[in-house]
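Below is one structure, written out as structure tokens; the observations come after it.
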Amino acid sequence: MNLPDPAGPLSLDDLVAEHRRLDERLRALAAQRSLTAAEQVEYALLKKQKLRAKDQIARLQAAERRA
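Per this note's numbering, the sequence shown starts with residue 1, numbered consecutively.
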């Protein structure tokens, strides 16, 4: 899944910021004593989004090294 951006592909800086934002939300959820069903679903989706962002970051960094 590519993160949507109507102006075009996300830059490396945008992806790093998105990855950080996702990580902060995941940490906030993980710090809770218990999660509601909706929060559990959100947590799982955020983990997937964070992994996708990490993969996109790695692809962009690899492309920059080749350029």
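Note that CB positions come from ideal geometry on N, CA and C, so glycine has one too.
Can you tell which of 56, 65, 66 has its C-alpha closest to the C-alpha of residue 9?
-> 56
Considering residue 20, what are the terminal residues of the alpha helix (DSSP H) in which it resides?
-> 12 to 30
Going by alpha carbons, who is nearest to residue 31 out of 60, 43, 50?
-> 43
Under the rule that 16 or more other beta-carbon atoms within 10 Å means buried, what is residue 51, buried or exposed?
-> exposed
Select from 62, 25, 14 the residue whose C-alpha is nearest the C-alpha of residue 45.
-> Ranking 62, 25, 14 by Cα distance to residue 45 puts 25 first.
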